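Enquirer: In the numbering used here, the protein residues as written are 50 to 1048. Note that the Cβ used here is the ideal one computed from N, Cα and C, for glycine as well. None of these values were measured; they are calculated from a predicted model.
Right, here's the structure in full:
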């Protein structure tokens, strides 16, 4: 509907082309010695699986060749434009904004001569995606006529309409086509484009082009169809084409970034200087983004500042004691002044309104996320639940005075109802003014290797085995170097695949819809940014980090732990009043009772919590921030200092109040900022800038602030040696210092889940397990842990089970499995049973179900044990497992035990089977086997592959794998036979139920 309504009224929309003050850096005065040429036909990596270089690389190539101008003309899309603009500004190259459009089945290049031309190319690209056919962003000449002003057209490569006519020997048709384009954009704005990559078709076009130019008056311009940087990089395009086509393919030869001298060898100079003339004509077109006030929809209240003051004042009296009001008012006044000076009041209202809607609709919202928790305005507007003053959270980490970019307020909601928030935003601001945001997934080391290996025909099993040895993030590093070297020695082709894969890194691989990004505009999106379609979803062509310079970008996230809290409260029938800093909660955490506790469930952090012994929520915040790769190594020292076994040595005494709560360890970005303020005399804005520069390793920011840092510290009485030590310390910790506001918000969710697990275990674990229905490996693993805590889990019951999921049993002795979790049981059957339960007899159940009572329904209910309350228990524990995924009584399973001779035996159920092949091509399988108390990995090779079936019991004899204690190699299997009388009993029960319908 969005596409249809928007496009019907597109002609009525006015493209915003007025000058805006936020401009790119000025381009240097033309150098008389620079080559008289500019590349006007250039594809970046955003020409997906076609372009082999990213915009910044292409801009660098232009600068290295002394070229003052460069165009980007990706296929159908404008995704590179913001990145291209920024790279050009840094390099002193003037950007030319263009696109190689799909005009029907042909190609056509458009370049923006003016700002109006930029708007029209954006419009054409958008319409191509929203109206195009065959999943291509195709435009037509009618669209071109409607959006022709300010555009220069080039006839494109041999896939262009005019070159195709020339190749067919139809000069008259070519002449007619040229005149048609001249009529659309004007005779001065249409050029015949000629290329020479050594292709036979191009040479034929090149021969006939002068005659066409003579007959039409259309001038000829030389271009190179740039797809990669160097001649040898054609291998990159070969690989991209092979990945795209699924078979060995060849790219275009000589489509590299040719120098002027290379171009001058194959084209007349006049063709080259004409390219420069076009570039100079296009030099006045600038891609500008609106100032912040123009990006934000106006609040729908008469006076937004007065509204915020009133709302915050009212909530201050509810949230603070009277003696706290002066400090709160002082912080509030400062923050509100910053919001006002930076034109952020309307933005604050948008965020407030989203949370207000969610709470009014009883959609559970998180206590905060990211740096927004450091704002007292957000707290008083009830956007966040984390009190910033007592938690030492800094406002400038969220919104420093003088900041030129939009702040980022991310919001968490219960996952089950997040889409209602999206729908509210569409309804509130209009479907034409809202859309989702595109997401580009790049080639990473493992995915790049897998694609490269596929292009070489390497067997999938070997590809997967080797890819697992690679670091998933850092190219050239290995998770398992020993295995990698072994495989490389055995299979030299792997080295070739690995080398190929490096060529792909950082190039876009797929486009998709950003998981949580949502864009809002005060005007129709069609007039603001280019749009595309991914599946049925309309998205921006620019990804989140770029699009926020044009629109309001919101991250609307779904967090499953919030669903668990909400479902727990549903079972309780009320909201829970969480009491802070409860000693019993910390005792549970220190004892390792963290099943279901958000952010504190993994064995690694359990070990840390046990050693640390937290006794306050402040400790949870610190542990949450530190349990990540960077600062993990600092935890042992912090524990030693906490217990007084190691002294707290500080470079300067003024750091003591800043680092007191973390025992002398820098944990948070906010601590880095406070240190620079207190010791170097930085302003809040400078402290935030320092934090960004150090954390993101931006040399220009570090170079700017380092002298001021040293000067301030020395003037404050520190010695040169101490300042040097402090600089090294900050440099080290700034790399992985964590956002305290975010850590505080997520530690709060962790505390709430721990609180519910302690005081309301049946309700909490019912909610927790409900979220795992359908994920049977997780379900079994966690039911093991929950049972170990003393919580009993009962089978489903037509008289007691919740229609949704797990629920506390009626006698409150344990948790009852939900009817929805019975595999294959229809939703309407569950609805009828829950509506009319309890039942006194089979007959009553059958009457209420009516036509829904089928043989399959009878079997499922019987096997699951749901009829036990009516005197008919499940007759087969194995069948009960197969339809519910769980054992409720004696499972007959046994853990592995040593039976001598290096052999181990268990009775287990394979709950997951992954079939693949060994390096020699033999069949093998990886089994996830459920035993009496755990889930283990069992490897099955050719002698035993195919002997087991998922969700059946077997006696397994295995040897211990050399790869770990919890991995076994299967030697033999014996099925555990089911008693046939059980099956006959089930049939008797089914017949009795079915008979209800005919008596």
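So which of 167, 168, 186 has the shortest CA-CA distance to residue 176?
Expert: Residue 176 has its Cα closest to that of 186, out of 167, 168, 186.
Enquirer: Look up residue 364 in the DSSP assignment and give the residues it is bridged to.
Expert: Note: residue 364 sits in no beta bridge, so no partner.
Enquirer: CB residue 854 to CB residue 869, shorter than 9 Å?
Expert: Contact: yes.
Enquirer: State the Cα-Cα distance for the pair residue 215 and residue 84, rounded to the nearest angstrom.
Expert: Computed Cα separation, rounded: 31 Å.
Enquirer: Output yes or no for whether 9 Å exceeds the beta carbon distance between residue 877 and residue 961.
Expert: No, these two residues do not count as a Cβ contact at 9 Å.
Enquirer: Answer yes or no: do residue 277 and residue 101 have a C-beta to C-beta separation smaller than 9 Å?
Expert: It is a contact, given that the beta carbons lie within the stated cut-off.
Enquirer: When the Cα atoms are used, what is the spatial distance from residue 917 to residue 888?
Expert: Each residue's alpha carbon lies about 12 Å from the other.
Enquirer: Mapping the DSSP letters down to three states, classify residue 155 as helix, strand or coil.
Expert: Looking at residue 155 - three-state DSSP - the assignment turns out to be strand.
Enquirer: On the three-state DSSP scale, how would you describe residue 1093?
Expert: This structure cannot speak to residue 1093, because the chain is shown only from 50 to 1048.
Enquirer: Please classify residue 306 as buried or exposed, where buried requires at least 16 neighbouring CB atoms within 10 angstroms.
Expert: The residue in question, residue 306, is buried, as its Cβ has 16 or more Cβ neighbours within 10 Å.
Enquirer: Which complete alpha helix (DSSP H) runs does the segment 563–606 hold, if anything under 4 residues is left out?
Expert: If we require 4 residues or more, the alpha helix (DSSP H) runs fully inside the segment 563–606 come out as 593–596.
Enquirer: Comparing alpha-carbon positions, which option in 242, 542, 246 lies nearest residue 259?
Expert: Checking every option, the nearest Cα to that of residue 259 belongs to 242.
Enquirer: How long is the line joining the alpha carbons of residue 505 and residue 498, rounded to whole angstroms?
Expert: Approximately 11 Å between the Cα atoms of the pair.
Enquirer: Please determine if the segment 215–233 and the segment 286–295 are in contact, where contact requires at least 3 C-beta pairs separated by less than 8 Å.
Expert: With the cut-off at 8 Å, the segment 215–233 and the segment 286–295 do not touch.
Enquirer: CB-CB under 6 Å to residue 300, same chain, minus the five flanking residues each way: which ones, in chain order?
Expert: Here the set comprises 283, 286, 287, 290.
Enquirer: Which runs of the alpha helix (DSSP H), 4 residues or longer, sit entirely within the segment 755–822?
Expert: List check, alpha helix (DSSP H) in window: 769–783, 789–808, 810–819.
Enquirer: Can you confirm whether the segment 558–566 touches the segment 534–548 when touching is taken to mean that 3 or more C-beta pairs between the two stretches lie within less than 8 Å?
Expert: Taking 8 Å as the limit for Cβ pairs, the verdict is that the segment 558–566 does not touch the segment 534–548.
Enquirer: From which residue to which residue does the beta strand (DSSP E) around residue 460 run?
Expert: It spans 459–463 - the beta strand (DSSP E) in which residue 460 sits, taken as one unbroken run.
Enquirer: Taking 8 Å as the limit between beta carbons, can you name the residues of its chain near residue 200, skipping five residues before and five after?
Expert: Cβ neighbours of residue 200 beyond the five flanking positions: 159, 160, 161, 162, 166, 169, 170, 234, 238.
Enquirer: Under three-state DSSP, which class holds residue 76?
Expert: Note on residue 76: pLDDT 37, under 50, position unreliable in the model; the coordinate value appears next. Note: residue 76 maps to coil in three-state DSSP.
Enquirer: Give me the Cβ distance between residue 700 and residue 720, rounded to the nearest whole Å; I'm assuming they're in contact under 8 Å.
Expert: With a Cβ gap of about 13 Å, residue 700 and residue 720 do not count as contacting.
Enquirer: Within 10 Å of its beta-carbon, does residue 1051 have 16 or more other beta-carbons around it, so buried, or fewer, so exposed?
Expert: Because the chain in this structure spans residues 50 to 1048, residue 1051 falls outside the shown range and cannot be described.
Enquirer: Buried or exposed, going by whether 16 or more other CB atoms sit within 10 Å of the CB of residue 588?
Expert: It counts as buried.
Enquirer: Straight-line CA distance for residue 416 to residue 791?
Expert: When rounded, the distance between both Cα atoms is 10 Å.
Enquirer: Among the candidates 392, 173, 321, whose CA atom is the shortest distance from the CA of residue 340?
Expert: Nearest of 392, 173, 321 to residue 340, Cα basis: 392.
Enquirer: Rounding to the nearest angstrom, what Cα-Cα distance links residue 77 and residue 136 in this structure?
Expert: With a pLDDT of 38 at residue 77, under the threshold of 50, the predicted position of this residue should be treated as unreliable, and no value is reported.
Enquirer: With 16 other CB atoms within 10 Å as the buried threshold, where does residue 75 fall?
Expert: Its pLDDT being 38, under 50, residue 75 is placed unreliably by the model, and the measurement read from it follows with that caveat. Label assigned to residue 75: exposed.
Enquirer: If you draw a straight line from the alpha carbon of residue 453 to that of residue 741, how long is it in whole angstroms?
Expert: Near 14 Å, if we compare the C-alpha coordinates of residue 741 and residue 453.
Enquirer: Can you check whether the CB of residue 348 is closer than 9 Å to the CB of residue 402?
Expert: Contact: yes.
Enquirer: Between the C-alpha atoms of residue 727 and residue 758, what's the straight-line distance to the nearest angstrom?
Expert: Their Cα atoms are separated by approximately 11 Å.
Enquirer: Alpha carbon to alpha carbon, what distance is there between residue 890 and residue 920?
Expert: Each residue's alpha carbon lies about 9 Å from the other.
Enquirer: Look up residue 507 in the DSSP assignment and say whether it is helix, strand or coil.
Expert: Residue state, collapsed to three classes: coil.
Enquirer: Pair every Cβ in the segment 598–614 with every Cβ in the segment 408–422, then say whether three or more of these pairs are closer than 8 Å.
Expert: They touch, by the three-pair rule.
Enquirer: What are the boundary residues of the beta strand (DSSP E) that includes residue 945?
Expert: Its beta strand (DSSP E) spans residues 943–949.
Enquirer: Go ahead and label residue 362 buried or exposed: buried means 16 or more other beta carbons lie within 10 angstroms of its beta carbon, across all protein chains shown.
Expert: Exposed, by the Cβ-count rule.
Enquirer: Which two residues bound the contiguous alpha helix (DSSP H) that contains residue 930?
Expert: Run containing residue 930: 926–933, per the alpha helix (DSSP H) assignment.
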